[in-house]
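K.L.:
Structure provided below as structure tokens; questions to follow.
In UniProt numbering, the protein residues as written are 1 to 167.
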């Protein structure tokens with residue numbers, strides 16, 4: 001008599017199906033954050049934003065630092081690597097419990113406060129100044145026609161001196 005198998009079929013173990021570093025479905029229980037040679041055990045954050053919150057809570061000196069300047073680093077096989085927000089879950093799932101994660105503050109060099117403002121070329125700045133000067137002179141002309149033109153002439157001479165067009 002033939003016996004029917006109703007379970008699921010399992011592939012045979014081979015070198016191609018066994019991974020050296022399998023990705024776990026769960027996060028480690030805790031990690032060790034290190035900042036300025038001070039260590040703190042923190043629960044493993046599920047997201048990068050949560051990791052920033054935990055770092056700010058563990059280290060009060062980080063509370064005034066902008067969130068985008070706080071970075072996390074871990075030791076790779078041969079060097080220290082930054083854990084980007086996009087890779088946070090992938091990396092943390094592979095870390096052993098209580099693994100040391102360095103917390104650092106990114107340099108402000110290259111990061112301007114008004115990084116979203118466009119830079120205007122020098123020529124555009126000069127044309128804006130000329131337009132403002134012309135509008136100012138147009139407002140002043142009606143007043144100077146009624147009285148002496150000394151003020152208008154003085155202003156014109158000063159503007160031409162600033163422009164470098166005086167004779």
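Just so you know, even glycine gets a beta-carbon here, dropped at the ideal spot from N, CA and C.
Determine the extent of the alpha helix (DSSP H) in which residue 93 is found, giving its start and end residues.
P.N.:
What you label residue 93 is simply residue 93 of the chain shown in a count that begins at 1. Per DSSP, residue 93 belongs to the alpha helix (DSSP H) from 88 to 94.
K.L.:
Mapping the DSSP letters down to three states, classify residue 10 as helix, strand or coil.
P.N.:
For the purposes of this step, residue 10 is taken as the residue at position 10 of the chain shown. With a pLDDT of 46 at residue 10, under the threshold of 50, the predicted position of this residue should be treated as unreliable, though the coordinate-derived value follows. In the structure shown, residue 10 falls within a coil segment according to DSSP collapsed to helix, strand and coil.
K.L.:
May I have a chain-ordered list of the beta strand (DSSP E) segments no shorter than 3 residues that lie completely inside the segment 53 to 91?
P.N.:
Listed in chain order, the complete beta strand (DSSP E) runs (minimum 3 residues) inside the segment 53 to 91 are 70 to 75, 80 to 83.
K.L.:
Identify which residue in 28, 32, 33 has its Cα closest to the Cα of residue 94.
P.N.:
Residue 94 sits at position 94 when you count from the first residue of the chain shown. Of 28, 32, 33, the residue nearest in Cα terms is 28.
K.L.:
Would you report the Cα separation of residue 63 and residue 85, rounded to the nearest angstrom?
P.N.:
As a position in the chain shown, residue 63 is number 63, starting the count at 1. As a position in the chain shown, residue 85 is number 85, starting the count at 1. Looking at the two C-alpha atoms, the distance is approximately 19 angstroms.
K.L.:
Ignore the nearest five residues each way along the sequence and tell me which others in residue 59's own chain have a CB closer than 6 angstroms to its CB.
P.N.:
Taking the chain shown and counting its residues from 1, one reaches residue 59 at position 59. Around residue 59: 35.
K.L.:
With H, G and I counted as helix, E and B as strand and the rest as coil, what does DSSP make of residue 49?
P.N.:
By one-based count along the chain shown, residue 49 stands at place 49. Helix at residue 49.
K.L.:
Would you mind sorting residue 83 into buried or exposed? The rule is 16 or more other CB atoms within 10 Å of its CB.
P.N.:
Locating residue 83 in the chain shown gives position 83, counting from the first residue. A residue is called buried when at least 16 other Cβ atoms come within 10 angstroms of its Cβ; residue 83 meets this threshold and is buried.
K.L.:
Report the three-state DSSP secondary structure of residue 106 (helix, strand or coil).
P.N.:
Position 106 of the chain shown, counted from the start, is the residue given in the question as residue 106. Here residue 106 sits in coil by DSSP.
K.L.:
Can you name the start and end residues of the beta strand (DSSP E) that residue 43 belongs to?
P.N.:
Within the chain shown, numbered from 1, the residue matching residue 43 stands at position 43. Note, residue 43: beta strand (DSSP E), 38 to 43.
K.L.:
Determine whether the beta carbon atoms of residue 55 and residue 92 lie at a separation below 8 angstroms.
P.N.:
Working through the chain shown from its first residue, we reach residue 55 at position 55. Working through the chain shown from its first residue, we reach residue 92 at position 92. No, they are not a contact pair.
K.L.:
To the nearest angstrom, report how far apart residue 136 and residue 165 are at their CA atoms.
P.N.:
Along the chain shown, read from residue 1 onward, the residue named residue 136 stands at position 136. Along the chain shown, read from residue 1 onward, the residue named residue 165 stands at position 165. One C-alpha to the other measures close to 18 angstroms.
K.L.:
What residue does the beta strand (DSSP E) around residue 32 start on, and which one ends it?
P.N.:
In the chain shown, the residue the question calls residue 32 occupies position 32. Note, residue 32: beta strand (DSSP E), 30 to 35.
K.L.:
Looking only at C-alpha atoms, which of 66, 57, 98 sits nearest to residue 74?
P.N.:
Stepping through the chain shown from its first residue, residue 74 is reached at position 74. Looking at the Cα atoms, 98 is the closest of the given residues.
K.L.:
Please classify residue 72: is it buried, with 16 or more other beta-carbons within 10 angstroms of its beta-carbon, or exposed?
P.N.:
Sequence index remark: in the chain shown, residue 72 carries index 72 (1-based). The residue in question, residue 72, is buried, as its Cβ has 16 or more Cβ neighbours within 10 Å.
K.L.:
Using the rule of at least 16 other Cβ atoms within 10 Å of the residue's Cβ for burial, across every protein chain shown, is residue 87 buried or exposed?
P.N.:
Taking the chain shown and counting its residues from 1, the one referred to as residue 87 is at position 87. It counts as exposed.
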